[in-house]
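Read top to bottom, the protein sequences are chains A and B. Quick note on numbering: my numbering labels position 25 of the first sequence as 25, and the sequence is numbered without any gaps. Quick note on numbering: my numbering labels position 55 of the second sequence as 1055, and the sequence is numbered without any gaps. For glycine and all other residues, C-beta sits at the position ideal for the given N, C-alpha and C.
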Amino acid sequence: GQSLEQPSEVTAVEGAIVQINCTYQTSGFYGLSWYQQHDGGAPTFLSYNALDGLEETGRFSSFLSRSDSYGYLLLQELQMKDSASYFCAVRDEQAGTALIFGKGTTLSVSS
Amino acid sequence: DAGITQSPRHKVTETGTPVTLRCHQTENHRYMYWYRQDPGHGLRLIHYSYGVKDTDKGEVSDGYSVSRSKTEDFLLTLESATSSQTSVYFCAISESVDTEAFFGQGTRLTVV
């Protein structure tokens, strides 16, 4: 089967840097994705890593190490609007083509 | 924004009644998914579809059925609703296995 582990909560202050880790276990690996969800809203796509290394998109970066079954989302120059839940997700052979999500990390940014 | 619409957005129903939720897309994406979201559990896959009439079960499929007779519509049916099915239901679509998924705005279902 598949499983993903990520911290349940993270707190930080505006302007800081935060790293949200994700470890996964799958029967076949097709890449690691990250999604953001604000309270009451729909999840929205942030990034996708199929190969090892760092992908940067503005203030957000995502890293993958396939040998360690590990990835992280790095958020820089935190803003209040970054307060949200962040989910890592993988596509797994046992789940066909569907995304399987971790339980999510709630990020609270304070001033 | 991706063209994906869920209906209804909110529903209250009684235990034992059938309920159908609809997901409609205008993107012509091949893959469609139904998830439920509950506090402490994240997003859990109920069923998914990889083409018209091609569907398969996810990790929490018991008590749910789906149908996809057209590319644009993916229906989720609770044959006999139970209180444990009170949840927020999200539909998602993706063009391929390597592309991002787009989510609908969700349906809040309450079973009393």
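Use the C-beta contact count for H1029/B: other C-beta atoms within 10 angstroms, 16 or more gives buried, fewer gives exposed.
For the purposes of this step, residue 1029/B is taken as residue 29 along the second sequence, with counting starting at 1. The C-beta of H1029/B has 16 or more other C-beta atoms within 10 Å across all chains shown, which makes the residue buried.
When the distance is taken between beta carbons, is E93/A closer than 8 Å to S27/A?
For the purposes of this step, residue 27/A is identified with residue 27 of the first sequence, where counting begins at 1. For the purposes of this step, residue 93/A is identified with residue 93 of the first sequence, where counting begins at 1. In contact: S27/A and E93/A (Cβ atoms closer than 8 Å).
Based on Cα-Cα distance, which residue from Y70/A, M80/A, L99/A lies nearest to E5/A?
Along the first sequence, read from residue 1 onward, the residue named residue 5/A stands at position 5. The shortest C-alpha separation from E5/A is found at Y70/A.
Please identify, using Cβ separations under 7 Å, the residues of the stretch 87-109 of chain A that lie next to chain B, in order along the chain.
So the list reads F87, R91, A95, G96, T97, A98, L99, I100, F101, G102, K103, G104, given in the order they occur along the chain.
Bridge partners - G53/A, DSSP secondary structure assignment:
One-based indexing of the first sequence puts residue 53/A at position 53. DSSP lists L64/A as partners of G53/A.
Looking at C-alpha atoms only, which residue of R1068/B, T1026/B, R1022/B is the closest neighbour of P1008/B?
Walking along the second sequence from the start, residue 1008/B turns up at place 8. Considering only alpha carbons, the answer is R1022/B.
Quick check on A16/A: buried or exposed, where buried means 16 or more other Cβ atoms within 10 Å of its Cβ?
Taking the first sequence and counting its residues from 1, one reaches residue 16/A at position 16. Under this definition A16/A is an exposed residue.
Residues of chain B with CB under 8 Å from F115/A, in chain order?
This structure does not reach residue 115/A, given that chain A is present from 1 up to 111, and the question cannot be answered.
Which same chain residues end up closer than 8 Å to S108/A when comparing Cβ atoms and leaving out the 5 residues on each side of it in sequence?
The residue you call residue 108/A lines up with position 108 of the first sequence. Excluding residues within five positions, the ones whose Cβ falls inside 8 Å are E9, V10, T11, A12, S83.
Neighbour flag for Y48/A against chain D, beta carbons, 8 Å:
In the structure shown, chain D cannot be found, because the protein chains are A and B.
Give a yes or no on contact between the stretch 1066-1081 of chain B and the stretch 1043-1055 of chain B, applying the rule of three or more CB pairs nearer than 8 Å.
Yes, since at least three Cβ pairs between the stretch 1066-1081 of chain B and the stretch 1043-1055 of chain B fall closer than 8 Å, the two stretches touch.
Beta carbons nearer than 8 Å to chain A: which residues of the stretch 1021-1049 of chain B have them?
Taking 8 Å as the Cβ-Cβ cut-off against chain A, the residues of the stretch 1021-1049 of chain B that qualify are Y1031, Y1033, Y1035, G1040, H1041, G1042, L1043, R1044, L1045, Y1048.
Under the rule that 16 or more other beta-carbon atoms within 10 Å means buried, what is P1039/B, buried or exposed?
What you label residue 1039/B is simply residue 39 of the second sequence in a count that begins at 1. When all chains shown are included, P1039/B counts as exposed.
Using a Cβ cut-off of 8 Å, which residues of the stretch 5-32 of chain A contact any Cβ in chain B, in chain order?
Listed in sequence order: Y30, G31.
Cβ of A42/A less than 8 Å from any chain B Cβ?
Numbered from 1 along the first sequence, position 42 holds the residue referred to as residue 42/A. Cβ-Cβ to chain B under 8 Å: yes for A42/A.
With 16 other Cβ atoms within 10 Å as the buried cut-off, status of A98/A
In the first sequence, counting from the first residue as 1, residue 98/A sits at position 98. By the 16-neighbour rule on beta-carbons within 10 angstroms, A98/A is buried.
Going by beta carbon distance, what residues of the same chain come within less than 8 Å of S1096/B, once the five residues before and after it are set aside?
Your numbering for residue 1096/B matches position 96 in the second sequence. Closer than 8 Å at Cβ, skipping near neighbours: R1030, Y1031.
Compute the Euclidean distance between the alpha carbons of D68/A and L74/A, then round it to the nearest angstrom.
Within the first sequence, residue 68/A is the residue found at index 68, counting from 1. Within the first sequence, residue 74/A is the residue found at index 74, counting from 1. So the two alpha carbons sit approximately 18 Å from each other.
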